[in-house]
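Single-structure report; data block below.
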Amino acid sequence: MKTYTTPLLLYTGLLLSVILNKYYNISFLTPLILLIPLLFVDLKNLNLISKWSLGLLCTVPFIFFQDLYSTLNQLSIAFSEELFFRVYLMSFFSNFTTSILFTIPHILLYGDLHSFLVFLPSLIYGFVYQKTKSFILIAVLHFLSNVFYDKILLNSDIINSGFRL
1 MKTYTTPLLL YTGLLLSVIL NKYYNISFLT PLILLIPLLF VDLKNLNLIS KWSLGLLCTV
61 PFIFFQDLYS TLNQLSIAFS EELFFRVYLM SFFSNFTTSI LFTIPHILLY GDLHSFLVFL
121 PSLIYGFVYQ KTKSFILIAV LHFLSNVFYD KILLNSDIIN SGFRL
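For the sequence shown, counting from 1, position 24 maps to 24 in UniProt numbering; every step adds exactly one.
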C-alpha cells in the first residue's frame with residue numbers, strides 16, 4: 001500500500017517555497033525541493049536512453065537562438081518540474097490530479113490567465129510519460145514548449161493585451 005505522506009509533504013514544501021519566492025524573493029528553495037525526488041526514485045526507471053529521448057535531444061542545439069543563461073535556466077526548470085511532477089508525483093496520483101497540482105504553484109507565483117493555461121500541456125506531458133516512460137522526452141518537450149511560449153507567444157500582441165487576474 002502506498003503512503004501519500006512524503007509526496008504531500010514535499011508538495012506542501014513546494015507551495016511554501018513558491019510563496020516565499022513571490023513575496024520575499026527567496027528563490028533557492030523551489031529548485032531544491034523540486035530535486036528532492038531524486039532521493040526516492042529509481043534512476044533506472046527514468047528511461048534515459050530511448051529512441052524518443054535521443055531523437056528529441058538532437059533538436060536541442062537548434063534552439064540556442066536565445067542566450068545561454070536563459071537556455072540553461074529553461075532546461076533546469078523543465079528537468080526539475082518533470083522529475084517532481086511526472087516521475088515522482090504521478091507514481092502516487094493520476095495524470096489529472098498531478099496536472100492540477102502542477103497548475104497550482106504557477107497560479108500562486110504568477111496569478112494570471114497564463115498560469116491556468118499550463119494545465120493542458122501538463123496533461124499532455126503526463127500522457128506522453130505514461131505511454132513512453134521517458135523522462136528525457138517529457139523534459140525536452142516541456143523545455144521546447146517553454147521556449148515556444150516565451151519567444152513566440154509572450155512576444156505576440158494577442159497574449160500581451162492583458163488577461164491579469
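From the three backbone atoms N, C-alpha and C, an ideal C-beta is built for every residue, glycine too.
Fair warning: this is a prediction, and the values are worked out from it, not measured in the lab.
{"Item": "Buried versus exposed, by CB contacts within 10 Å (16 or more), Gly111", "Value": "exposed"}
{"Item": "Alpha carbon of Leu10 to alpha carbon of Ser80, nearest angstrom", "Value": "13 Å"}
{"Item": "From Thr3, Ser145, Thr6, His114, residue whose alpha carbon lies closest to that of residue 183", "Value": "In the structure as shown, the chain begins at 1 and stops at 165. Residue 183 is therefore absent and cannot be evaluated."}
{"Item": "Pro121 to Phe143 span [Cα, whole Å]", "Value": "11 Å"}
{"Item": "C-beta atoms of Tyr129 and Met90 nearer than 8 Å", "Value": "yes"}
{"Item": "Status (buried if at least 16 other CB within 10 Å, exposed otherwise) for residue 167", "Value": "With the chain running from 1 to 165 in the structure shown, residue 167 is simply not present."}
{"Item": "Assumed close pair Glu82, Ile138 - CB separation to whole angstroms, cut-off 8 Å", "Value": "5 Å"}
{"Item": "heavy atom of the ligand PLP below 7 Å from Asn73 C-beta", "Value": "Absence of the ligand PLP is noted for the structure shown, with no ligands found whatsoever."}
{"Item": "Residue closest to Leu39, alpha-carbon to alpha-carbon, out of Tyr23, Tyr24, Val87", "Value": "Val87"}
{"Item": "Own chain, CB closer than 8 Å to Leu20, minus 5 neighbours either side, in chain order", "Value": "Ile26, Leu29"}
{"Item": "Span of the alpha helix (DSSP H) around Asn21", "Value": "5-24"}
{"Item": "Cα-Cα separation between Leu14 and Thr3, rounded to whole angstroms", "Value": "19 Å"}
{"Item": "Alpha helix (DSSP H) runs contained entirely in the stretch 69-105, provided each spans 4 or more residues", "Value": "none"}
{"Item": "Own chain residues within Cβ distance below 6 Å of Lys22, not counting five before or after", "Value": "Leu109"}
{"Item": "The alpha helix (DSSP H) enclosing Tyr129, as first and last residue numbers", "Value": "119-132"}
{"Item": "Reduced DSSP category for Asp42 - H, G, I as helix; E, B as strand; rest coil", "Value": "coil"}
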